[in-house]
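Colleague: Its first residue numbered 43, the sequence shown is counted upward by one per residue in our numbering.
Even for Gly, the Cβ is constructed at its ideal location relative to N, Cα and C.
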Amino acid sequence: MSSIARTLYQKIVDSHTVKRIDGNTVLLYCDIHFANEYTSPQAFAGLRQRKLPVFSPDSHLCVVDHIIPTHDENPRRIVDEASARQAQTLEKNCRDFGIDAFYGANDPGQGIEHVVMQEQGLVRPGMVVICGDSHTTTHGAMGALSFGIGTSEIEHILATQTLVYRMAKNMKINITGRLTNGATAKDLALAVLRMVSARGALGMVVEYTGEAVSQLSMPERMTLCNLTVEQGARGALIAPDEKSLDWVLEHAKELSGEEAQAMREYARTLKSDEGAVYDKTFELDAGSVRVMSTWGTSPDQAIELDRPLPDPESFSDPIEKEAARRGLAYQGLQPGQTLKGTPIQHVFIGSCTNARLPDLIAAAEILKGHHVAAGVRAQVVPGSMTVRRQAEEMGLDRIFKEAGFEWRKSGCSLCLAMNDDVLTAGTRCASTTNRNFEGRQGRGSRTHLVSPQTAAASAIKGYLCDAAEISGE
């Protein structure tokens, strides 16, 4: 065993290296892979063409989530012919290649892939977790190395359960103190993004440390890790602790006895060694974080709601300067104005970033006794059908409906507008999603990334505001 101090990232890679290909590339064993109907068809087609089986069918989970409509009106859910064909193709691929873990349109376990994986306790500390979706970084919250891949790489994993993997560099973000002033994990993630920038973690795996991180609940850690890919990062990691182990044991009912004890013992080794070297480090005081929203067309273009928007000329980096100009123009905003009070026409609570049960509870607590403002359309899309049932058992659906929200079924929905949830040009949306790119929620639509609490408060007021404005009434 090497005596050189290693980071958590290096330890996980070392333990999963089947073969070292060159100084910077390894053949990496992948513990589990999950797929959706959108990014996997070509990979399965490649296996058929080469007459190859899936090497380890039990190591894969497939779910329909990207193209599926979320409204309640049609019991079939998918009525569009092209979308139905995608869902049917994934089901056939699973059947033909012996993958039993398939969650189709009407399966009670259906949901957004990143939510389904966690609620089933399938992600464990120290794993390598792969998916053809960039927000796979979510699962770093469990102390698992997890990242998105392309279609050709999906084919390789299906055939061999391995991946030709180029090593990343190490980044540490130490977050001290505690969140105050009504700030949430989403606000923290946006503050981190602003600090690091959308290019600051290119080619790196980010490890989060510090008191503030340890204080976060598991769903809050998932939100932080989910948005890490927006730094350009190749992965995110939080060293496992009792919270993460308890999460696994609560959700993986079959894991007990010797297996559970073995997991706990292994998890104790999953931390960076003292003296481990990082290629880049950042520090942030969580106590300085306030309620945030994005103002431009990149997730790192974020600011406090009551702070004046920046002048593009204030940026020294020419790329950031041009991005600021374009972002403000697209969003119809002016330097110097504040986001607080900016009228909105739509509110969306959902996505793999913020559609877990605690997110819905937080939003419902603000909405109780209030109603959506006139001229605002509001939707809530639970992260999975399991989350939806749990919320209904708690009566959250009634709170949302009475407040004027549409209560939807699970799916990616308006996060990427790949289904029938699409905003019209000029519609300004307070959204709990992860990307505010031009046209992300519909051609010409304007997206502001916010927390569930801010989304709920903004729905009530009809303009961007924080929850304190509602609670202070």
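By DSSP, does A420 sit in helix, in strand, or in coil?
Modeller: As a working mapping, residue 420 is identified with position 378 in the sequence shown. Of the three classes helix, strand and coil, the one that applies to A420 here is strand, per DSSP.
Colleague: Look up C136 in the DSSP assignment and say whether it is helix, strand or coil.
Modeller: Position 94 of the sequence shown, counted from the first residue, corresponds to residue 136. Reduced to three states, the DSSP call for C136 is helix.
Colleague: Please go through the same chain and pick out, in chain order, the residues whose beta-carbon is closer than 8 Å to the beta-carbon of H293, but skip the five residues on each side of it.
Modeller: Numbered from 1 along the sequence shown, position 251 holds the residue referred to as residue 293. Within the same chain, H293 has close Cβ partners Q160, E161, Q162 and G163.
Colleague: Can you tell me whether L351 is buried or exposed, with buried defined as 16 or more other CB within 10 angstroms of its CB?
Modeller: In the sequence shown, counting from the first residue as 1, residue 351 sits at position 309. With 16 or more Cβ atoms within 10 Å of its Cβ, L351 is classed as buried.
Colleague: Relative to the alpha-carbon of Q379, which residue among A472, L438, L506 and Q483 has its alpha-carbon at the smallest distance?
Modeller: Along the sequence shown, one-based indexing puts residue 379 at 337. Nearest option by C-alpha distance: L506.
Colleague: Consult DSSP for R62 and reduce its assignment to one of helix, strand or coil.
Modeller: Here the question's residue 62 lines up with position 20 in the sequence shown. Note: R62 maps to strand in three-state DSSP.
Colleague: Closer than 8 Å by C-beta to M43: which residues in its own chain qualify, once you throw out the five before and the five after it? Chain order, please.
Modeller: Numbered from 1 along the sequence shown, position 1 holds the residue referred to as residue 43. Low per-residue confidence applies at M43: pLDDT is 44, beneath 50, and the placement is therefore not dependable, though the value from the model is reported in the following sentence. Taken in chain order, the list of residues that qualify is empty.
Colleague: Applying the criterion that 16 or more other CB atoms from any shown protein chain within 10 Å of the CB defines a buried residue, is P360 buried or exposed?
Modeller: Start at 1 with the first residue of the sequence shown, and residue 360 comes out as number 318. Result: exposed.
Colleague: I'd like to check one pair, T204 with G190: are the Cβ atoms closer than 8 Å?
Modeller: Here residue 190 corresponds to residue number 148 of the sequence shown, with the count starting at 1. Here residue 204 corresponds to residue number 162 of the sequence shown, with the count starting at 1. For G190 and T204, no; Cβs fall outside 8 Å.
Colleague: What number of angstroms, rounded off, separates the C-alpha of G174 from the C-alpha of V105?
Modeller: Position 132 of the sequence shown, counted from the start, is the residue given in the question as residue 174. Position 63 of the sequence shown, counted from the start, is the residue given in the question as residue 105. Their Cα atoms are separated by approximately 12 Å.
Colleague: Sorted by chain position, which residues of the same chain lie with C-beta nearer than 7 Å to A227's C-beta, five sequence neighbours on each side aside?
Modeller: For this step, residue 227 is matched to residue 185 along the sequence shown. Around A227: L258, E262, T265 and L266.
Colleague: Can you check the region 144-230 for any alpha helix (DSSP H) of at least 4 residues that lies completely inside it and give the ranges in chain order?
Modeller: Runs of the alpha helix (DSSP H) inside the region 144-230: 155-161 and 193-202.
Colleague: Using the three-state DSSP reduction, which class does K53 fall into: helix, strand or coil?
Modeller: Position 11 of the sequence shown holds residue 53. The answer is helix: DSSP assigns K53 an H, G or I state.
Colleague: Tell me, which residues are paired with F76 by DSSP?
Modeller: Taking the sequence shown and counting its residues from 1, the one referred to as residue 76 is at position 34. Beta-bridge pairing links F76 to L103 and C173.
Colleague: Is the distance from the Cβ of L69 to the Cβ of K61 below 8 Å?
Modeller: Counting from 1 along the sequence shown, the entry for residue 69 is found at position 27. Counting from 1 along the sequence shown, the entry for residue 61 is found at position 19. In contact: L69 and K61 (Cβ atoms closer than 8 Å).
Colleague: Do I110 and G425 count as a contact pair if the criterion is CB distance below 8 Å?
Modeller: Along the sequence shown, one-based indexing puts residue 425 at 383. Along the sequence shown, one-based indexing puts residue 110 at 68. Contact flag unset, no.
Colleague: Under a three-way DSSP split, which group does M43 fall into?
Modeller: Taking the sequence shown and counting its residues from 1, the one referred to as residue 43 is at position 1. The pLDDT assigned to M43 is 44, lower than 50, so where the model puts this residue is not dependable; a value taken from the coordinates is nonetheless given after this. DSSP places M43 in coil when its eight states are reduced to three.
Colleague: Between which two residues does the alpha helix (DSSP H) holding E434 run?
Modeller: Residue 434 sits at position 392 when you count from the first residue of the sequence shown. It spans M427 to E435 - the alpha helix (DSSP H) in which E434 sits, taken as one unbroken run.
Colleague: Taking the straight line between their C-alpha atoms, what separation do you get for H102 and D315?
Modeller: Position 60 of the sequence shown, counted from the start, is the residue given in the question as residue 102. Position 273 of the sequence shown, counted from the start, is the residue given in the question as residue 315. Those two C-alpha atoms are separated by around 32 Å.
Colleague: Give the DSSP bridge partners of S473, in chain order.
Modeller: On the sequence shown, position 431 is the one that residue 473 refers to. Paired residue(s): F390 and L491.
Colleague: If I follow the unbroken beta strand (DSSP E) through I345, where does it start and stop?
Modeller: Position 303 of the sequence shown holds residue 345. Its beta strand (DSSP E) spans residues A344 to E346.
Colleague: Within 10 angstroms of its Cβ, does E249 collect 16 or more other Cβ (buried), or is it exposed?
Modeller: For this step, residue 249 is matched to residue 207 along the sequence shown. That one is buried.
Colleague: For D327, list the residues DSSP reports as bridge partners.
Modeller: In the sequence shown, the residue the question calls residue 327 occupies position 285. Bridge partners of D327: T218.
Colleague: Can you give the Cα-Cα distance for H113 and T474, rounded to whole angstroms?
Modeller: As a first step, residue 113 must be located in the sequence shown, where it is residue number 71. As a first step, residue 474 must be located in the sequence shown, where it is residue number 432. About 18 Å.
Colleague: What do you reckon, are the CB atoms on P385 and S286 nearer than 8 Å?
Modeller: Translated into the one-based positions of the sequence shown, residue 385 becomes position 343. Translated into the one-based positions of the sequence shown, residue 286 becomes position 244. No, the pair does not count as a contact, with Cβ atoms beyond the cut-off.
Colleague: Can at least three beta-carbon pairs, one atom from the region 115-122 and one from the region 86-97, be found at a separation below 8 Å?
Modeller: Short answer: they don't touch.
Colleague: What residues are listed by DSSP as bridge partners for Y71?
Modeller: Residue numbering aside, residue 71 sits at position 29 when the sequence shown is read from its first letter. T204, per the DSSP bridge assignment.
Colleague: In terms of alpha-carbon separation, which member of G192, S340 and L465 lies closest to S239?
Modeller: Looking up residue 239 in the sequence shown gives position 197. It is S340 whose Cα lies nearest to the Cα of S239.
Colleague: Please list the terminal residues of the continuous beta strand (DSSP E) segment that includes S335.
Modeller: For the purposes of this step, residue 335 is identified with residue 293 of the sequence shown, where counting begins at 1. Counting along the chain, the beta strand (DSSP E) containing S335 begins and ends at M334 to T336.
Colleague: Taking D342 as the reference, which of D348, D142, L230 and I46 has the closest Cα?
Modeller: Indexing the sequence shown from 1 puts residue 342 at position 300. Considering only alpha carbons, the answer is L230.
Colleague: State the DSSP-derived secondary structure class of G514, mapped to helix, strand or coil.
Modeller: To locate residue 514, count along the sequence shown from 1; it is residue 472. If DSSP states are grouped into helix, strand and coil, G514 belongs with coil.
Colleague: In whole angstroms, what is the alpha-carbon distance linking S393 and G453?
Modeller: Locating residue 393 in the sequence shown gives position 351, where the first residue counts as 1. Locating residue 453 in the sequence shown gives position 411, where the first residue counts as 1. Rounded to whole angstroms, S393 to G453 spans 8 Å at the Cα level.
Colleague: When burial is assigned at 16 or more other CB atoms within 10 Å of the CB, is I512 buried or exposed?
Modeller: The residue you call residue 512 lines up with position 470 of the sequence shown. It is buried - the Cβ of I512 has at least 16 other Cβ atoms within 10 Å.
Colleague: For T499, I'd like the list of residues in its chain whose CB is within less than 7 Å of its CB, leaving aside the five on either flank, ordered along the chain.
Modeller: Locating residue 499 in the sequence shown gives position 457, counting from the first residue. The question names Thr, but residue 499 in the sequence shown is Ala. These residues qualify, in order along the chain: I408, C507, D508, A509, E511 and I512.
Colleague: Measuring CB atoms only, is the region 464-480 touching the region 315-333, in the sense that at least three cross pairs come out at less than 8 Å?
Modeller: Because the criterion of three Cβ pairs below 8 Å is not met, the region 464-480 and the region 315-333 do not touch.
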